[in-house]
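Accompanying notes for the structure given below.
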Ligand SMILES: *Cc1c(COP(=O)(O)O)cnc(C)c1O
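Residue numbers (UniProt numbering): 1 to 436.
Written as structure tokens, this is what we have:
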């Protein structure tokens, strides 16, 4: 597999280089030089394959010879060791549950696959890989649990003190082993600034092999295509072959993977980009003007992004004809009041509890279907996190119905371990140097 930078299409790097760099020097994003079209024999018979088999075929088509078949199969078996079921709520309304992994959010797909690919590419005798990651909540949990116990890697997670939910904090701070947590007395932006500065610090780069695990890494994007193919496979089993996906979107990695799957031949009729008040992309789809904005805080905080980092990839996928993108994707955005209404409606009508991000995707699907309903087309909204991760959002009557998975109950029995630091870079650097 060869990749180029969106800022400089004539560059070429290998898959391994792209995985370890995360981002090209020129600050573009890596894209595959060739986006293979999967053959019809596979696409028309997806229902005959399991999730790991689908994942292997899709990954193999993209990655090619960079990872031999048996190693790639082993990586997938280890990384994608949970299901992504499509659940029917009513005629032509389905929910794709992406939170059956260890951190209870869809980011497990990306983080677990990426960690194993990185570990695979580390050669014998190579310096330990030091992953630095700043999180506002969900990313940190997925990365921590994704790398936990992965040989020759260590993860340092920075999160803003007192600004993540209890479950999220426990997922970051109770792991031990090769995972350590640092609470920054500041905001998420402060955490991100520290990580960025560390990457440009000569002394740190000399002493450590630093890498980031953020959502723009190509090894996080690839595994997110798997569940689109797998969802389609589950619908084929029910005799459905026309589908639209509604995707709750923040940094636009999730829907970006869906669009990549579409480019690879998955016959999706339409995509819906569902956002909270951070509506940069819905606005673009309507006006044609991409105008990044400062992010605003909402109930669906994993989507509080004013300048989605994966947008560049989507624009690049459709650079030859941006009208194709506008025809394929419709944007919707909702405020917190509408999000709460949607949560209540889903609970009342389907007896189902959706997290705030998921509820936004459902509302957008509903609004789309109001105007564009087709009896032969299934609407699937993506559920990106288990509701127990956002306990403060729900009215009491609904909160009482949220079942708490065993792994979360276990978290509350564990001891929190973290280091509190200020937001100055020198202090953080000192911490890294003193805790080799
Ligand atoms: C990260 C996240 C999103 C947004 O996904 P993007 O790929 O950034 O668009 C949505 N919901 C939840 C629960 C998340 O953690």
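Beta carbons are placed, not taken as given, at the ideal position from N, Cα and C, and that holds for glycine.
Predicted model only: the values in this text are computed from it and were never measured.
One thing to note: residue 352 has its Cβ no nearer than 8 angstroms to the Cβ of residue 46.
Excluding five sequence positions before and after residue 151, the CB atoms of its chain that fall closer than 7 angstroms to its own CB belong to 119, given in chain order. Sixteen is the threshold: when 16 or more other Cβ atoms of the shown chains lie within 10 Å of the Cβ of residue 333, as they do, the residue is buried. Under the three-state reduction of DSSP output, residue 12 falls in the strand class. Burial check for residue 251: the Cβ neighbour count within 10 Å reaches 16 or more, so the residue is buried.
For residue 274, the enclosing beta strand (DSSP E) stretches over residues 270-275. Under the DSSP assignment, residue 232 falls outside any beta strand (DSSP E), being part of the alpha helix (DSSP H) whose first and last residues are 218-236. Sorting 202, 187, 259, 146 by C-alpha distance to the C-alpha of residue 178 places 146 at the top.
When secondary structure is reduced to three states using DSSP, residue 185 falls in the coil class, being assigned neither helix nor strand. Counting along the chain, residue 153 sits inside the beta strand (DSSP E) bounded by residues 153-160.
With a 10 Å radius around the Cβ and a threshold of 16 neighbouring Cβ atoms, residue 108 comes out buried. Our two residues, residue 266 and residue 229, have alpha carbons roughly 7 angstroms apart in a direct line.
In terms of CA proximity to residue 61, 225 leads the group 357, 376, 225, 190. By the C-beta density criterion, residue 308 is buried, having at least 16 other C-beta atoms within 10 angstroms. Within the same chain, 134 come within 7 angstroms of residue 192 by CB-CB distance, once the 5 residues on both sides are set aside.
If you ignore the 5 residues before and after residue 312, its C-beta comes within less than 6 angstroms of the C-beta of 6, 29, all in its own chain and listed in chain order. With a threshold of 7 angstroms, the Cβ atom of residue 279 does not count as near ligand 1, since no heavy atom of the ligand is closer than that. If you ignore the 5 residues before and after residue 390, its C-beta comes within less than 7 angstroms of the C-beta of 165, 355, 356, all in its own chain and listed in chain order. For residue 37, the three-state secondary structure derived from DSSP is coil.
Three or more beta-carbon pairs drawn from the segment 181-190 and the segment 156-164 are found closer than 8 angstroms, and the two stretches are therefore classed as touching. Of the candidates 310, 381, 364, the residue whose Cα lies closest to the Cα of residue 253 is 310. In this structure, the CA atom of residue 238 is about 12 angstroms from the CA atom of residue 48. Within the DSSP bridge table, the entry for residue 180 names 156 as partners.
Taking C-beta separations shorter than 7 angstroms and ignoring five residues to either side along the sequence, the partners of residue 97 in its chain run 84, 85, 87, 383, following chain order.
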